[in-house]
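As structure tokens, the structure follows; a few thoughts come after it.
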Amino acid sequence: MKTLIVYSSLTGNTRQVAEAVHEVFGLAADLFPVEQAPTGEGYDLVAVGFWVDRGTADKKAQEYLAGLRNKQVALFATLGAYPDSEHAAQSMNNAAALLDESNQLTGTFICQGKVDPRLIEQFKKLPEGHPHGLNAERLARHQEAAKHPDSVDLAKAKAVFSEIKGKLQGITV
Ligand SMILES: Cc1cc2nc3c(=O)[nH]c(=O)nc-3n(C[C@H](O)[C@H](O)[C@H](O)COP(=O)(O)O)c2cc1C
Numbered sequence: 021m022k023t024l025i026v027y028s029s030l031t032g033n034t035r036q037v038a039e040a041v042h043e044v045f046g047l048a049a050d051l052f053p054v055e056q057a058p059t060g061e062g063y064d065l066v067a068v069g070f071w072v073d074r075g076t077a078d079k080k081a082q083e084y085l086a087g088l089r090n091k092q093v094a095l096f097a098t099l100g101a102y103p104d105s106e107h108a109a110q111s112m113n114n115a116a117a118l119l120d121e122s123n124q125l126t127g128t129f130i131c132q133g134k135v136d137p138r139l140i141e142q143f144k145k146l147p148e149g150h151p152h153g154l155n156a157e158r159l160a161r162h163q164e165a166a167k168h169p170d171s172v173d174l175a176k177a178k179a180v181f182s183e184i185k186g187k188l189q190g191i192t193v
């Protein structure tokens, strides 16, 4: 089974998850940043990683996802919000919705990733009541995000992708 892993990452969080996913597939897989990624041609599985930007896949990942045809596709992502939040589920759904109908989505994984401290500094300047203004709850979320992805996240990503690999090995050779 030939696997292509493509990731879009500004500050390295999603790249870390991509590298963990790569370990699952070993030598049979190719790993590329989205800026250098080939099309999915010739691959059985294309795993695409993105960072969540305003509730969906970031722009570069969006373009890559929209170009895929007739592939088994797995998605992984990092975001500042909690991975079990409605926002995380919605962001993953929004990214999946970019896929052409000829593709098949075989699995997804999402975890927290530290938010760029420069962005948090900007949030601190926002007036009270602004949706991104910092209150105790949001500050706690940023502090938690700052610890991710951690070794537990990477182990979870590997488990999810081991399962995807097992599932697909039954139908591709
Ligand atoms: C411009 C910008 C927009 C973002 N939008 C969201 C968002 O809508 N929801 C969210 O949970 N996190 C958001 N984040 C946080 C990132 O998704 C998160 O920090 C991610 O792990 C960054 O991944 P990277 O290190 O691979 O670039 C945003 C970050 C930036 C810089």
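All residue numbers for the sequence shown refer to our numbering, where the first residue is 21 and numbers rise by one. All residues carry an ideal CB built from backbone N, CA and C; glycine is no exception.
Nearest-angstrom Cα separation, counted from L51 out to T98: Taking the sequence shown and counting its residues from 1, one reaches residue 98 at position 78. Taking the sequence shown and counting its residues from 1, one reaches residue 51 at position 31. Their backbone Cα atoms lie some 17 Å apart in a straight line.
Check the DSSP bridge columns for Q132 and list the partner residues they point to. Against the sequence shown, residue 132 aligns to sequence position 112. DSSP lists L99 as partners of Q132.
Using the beta-carbon count (16 or more within 10 Å), is G62 buried or exposed? On the sequence shown, position 42 is the one that residue 62 refers to. Exposed, since its Cβ has fewer than 16 Cβ neighbours within 10 Å.
According to DSSP, simplified to helix, strand and coil, what is D120? The residue given as residue 120 occupies position 100 in the sequence shown. Under the three-state reduction of DSSP, D120 is assigned to coil, being neither helix nor strand.
Kindly list the residues whose CB is nearer than 6 Å to the CB of A165, restricted to its own chain and excluding five residues on each side of it in sequence; keep chain order. Along the sequence shown, read from residue 1 onward, the residue named residue 165 stands at position 145. The beta carbon of A165 sits closer than 6 Å to the beta carbons of G100, Q132, K134, V135 from its chain, once the five residues preceding and following it are set aside; these are given in chain order.
Applying the 10 Å Cβ sphere with the 16-neighbour rule, what's the burial state of I191? Residue mapping note: residue 191 aligns to position 171 of the sequence shown, counting from 1. With a threshold of 16 other beta carbon atoms within 10 Å, I191 falls short and is exposed.
Counting C-beta neighbours from all protein chains within 10 Å, is the total for L47 16 or more, i.e. buried, or is it exposed? For the purposes of this step, residue 47 is taken as residue 27 along the sequence shown, with counting starting at 1. By the neighbour-count rule (16 or more Cβ atoms within 10 Å), L47 is not buried but exposed.
Near A38, what residues of its chain come up, given a Cβ to Cβ distance below 7 Å and the 5 sequence neighbours on each side ignored? One-based indexing of the sequence shown puts residue 38 at position 18. The residues are I25, Y27, L51, G69.
Determine which residues share a DSSP beta bridge with P53 and list them. In the sequence shown, residue 53 corresponds to position 33, counting from 1. Per DSSP, the beta-bridge partners of P53 are Y27.
Using only the heavy atoms of ligand 1, determine whether one of them is closer than 8 Å to the beta carbon of N114. The count along the sequence shown starts at 1 and reaches residue 114 at position 94. Not one heavy atom of ligand 1 sits closer than 8 Å to the Cβ of N114.
Just checking S122 against ligand 1 - is the residue's beta carbon closer than 8 Å to any of the ligand's heavy atoms? Residue numbering aside, residue 122 sits at position 102 when the sequence shown is read from its first letter. No, the Cβ of S122 stays beyond 8 Å of every heavy atom of ligand 1.
Using DSSP with H/G/I as helix, E/B as strand and the rest coil, what is L174? Position 154 of the sequence shown, counting from 1, holds the residue named residue 174. Reduced to three states, the DSSP call for L174 is helix.
For a test of the three-state rule: what should DSSP assign to A94, helix, strand or coil? The count along the sequence shown starts at 1 and reaches residue 94 at position 74. For A94, the three-state secondary structure derived from DSSP is strand.
Contact set for K22: own chain, Cβ-Cβ below 7 Å, skip 5 residues either direction: For the purposes of this step, residue 22 is taken as the residue at position 2 of the sequence shown. Cβ contact annotation for K22 (same chain, cutoff 7 Å, sequence separation greater than five): A48, G62, Y63, D64, in chain order.
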